[in-house]
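The sequence shown begins at 1 in the UniProt record's numbering and counts up one residue at a time. Built from N, CA and C at the ideal position, the CB exists for glycine as well.
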Amino acid sequence: MRGSRWVHPLGNSVGGSKRPKVAGGGQMVGGRAGGGRARRRVKVVGGSCKRQDIFREKRMAEVKKALGNGEIFSGRGLNQESGLKKAGDTRWGSHYGTLMSLIVHFSIVLDVLEYVVKDGAHSEQKAEAAGLLDSLETFDFAFTLHLLKSILGVTNELSQILQRKNQDIVNAMIQVKISKKRLQLMRDNGWDDLLNEVMMFCNCHDIVIPDMNEVRVLKGRSRRKAPIVTNLHYYKVSLFYEVLDMQLQELNDRFTEVNTELLLCMECLSPENLFSAFDKEKLLQFAKFYPADFSSIEILALDMATSLL
């Protein structure tokens, strides 16, 4: 995948022809850019009724094969997803669902893109599908796909809470702490699991896995001037560590100790359930955050006024 670095704003062949193996290369696509490419793939694959029918037929063939092999069991609610999830423009959860859907239906997506390349309505559509097909079948894309899936999986519950109209501030702050701890744990101990997951995915879909000890020349730099960096260093340090550090920094910047305490104090002013969350100490602490508006005398008066509440 090519493009900018990822910054937080805040995918078994079925009936397909044998595809050429492509060794990975290029730069990691950013969060929004990566989401944009995922949406383009969904748009191309589901852009016509015929392509949607092909997708569903291949999906059903996969399910029947898995049932026959005992890999899954039939039951209520089993595999009701019959198409690719479409990502919303702003909701994190929708992007997470799109990435999960792309991983689960990856081989079918490749088959449908091959169909578009061969039988697309016009040359522009065929060229776009061919370009998407080439970018999908790279280790860079597989690695980025699983890295973003893992990170959004950690922050998904927090993002859902923050997008609700009636926000539970206390629960949101708890989820912030949980997300920070899980992201830090992933950074400290999650590399091997992620790399193994990506390699299994690549082996399953005939994607070439680069030698991690080989020297990698970064795009846009001459071999003579480029720093000597191995593939392992690039994926582990330049991508894995850097993306997680940026995500952690984003959460730390947005939810500092002071901001978190302020939000928790504000919860006591919620009128829900007849101010059931009212807390005198939090109210006084909230007033102390605004010394320009509440003098020491006024805070003392507020203490006295709320002493009987």
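If we ignore side chains and look at the alpha-carbon of each, how far apart do residue i and residue j end up?
i: residue 186; j: residue 180; result: 10 Å
i: residue 291; j: residue 239; result: 44 Å
i: residue 110; j: residue 132; result: 9 Å
i: residue 296; j: residue 237; result: 51 Å
i: residue 257; j: residue 169; result: 14 Å
i: residue 135; j: residue 293; result: 57 Å
i: residue 141; j: residue 129; result: 16 Å
i: residue 97; j: residue 156; result: 10 Å
i: residue 212; j: residue 190; result: 17 Å
i: residue 247; j: residue 201; result: 25 Å
i: residue 123; j: residue 117; result: 9 Å
i: residue 194; j: residue 113; result: 27 Å
i: residue 244; j: residue 251; result: 11 Å
i: residue 178; j: residue 259; result: 17 Å
If we count the other Cβ atoms within 10 Å of its Cβ and call it buried at 16 or more, is residue i buried or exposed?
i: residue 127; result: exposed
i: residue 249; result: exposed
i: residue 254; result: exposed
i: residue 214; result: exposed
Comparing alpha-carbon positions, which option in the options lies nearest residue i?
i: residue 188; options: 101, 242, 143, 293; result: 242
i: residue 143; options: 213, 192, 113; result: 192
i: residue 107; options: 153, 178, 204; result: 204
i: residue 160; options: 95, 121, 183, 137; result: 95
i: residue 138; options: 121, 198, 119; result: 198
With residue i and residue j assumed to form a contact (beta carbons below 8 Å), what rounded beta-carbon distance in angstroms separates them?
i: residue 154; j: residue 183; result: 6 Å
i: residue 145; j: residue 99; result: 6 Å
ask   = Does the segment 206 to 221 come within contact of the segment 154 to 174, defined as at least 3 CB pairs closer than 8 Å?
value = no
Any 3 or more C-beta pairs closer than 8 Å across the segment 169 to 176 and the segment 227 to 235 = no
inquiry  = Quick check: the segment 148 to 156 against the segment 93 to 107, are at least 3 beta-carbon pairs closer than 8 Å?
reply    = yes
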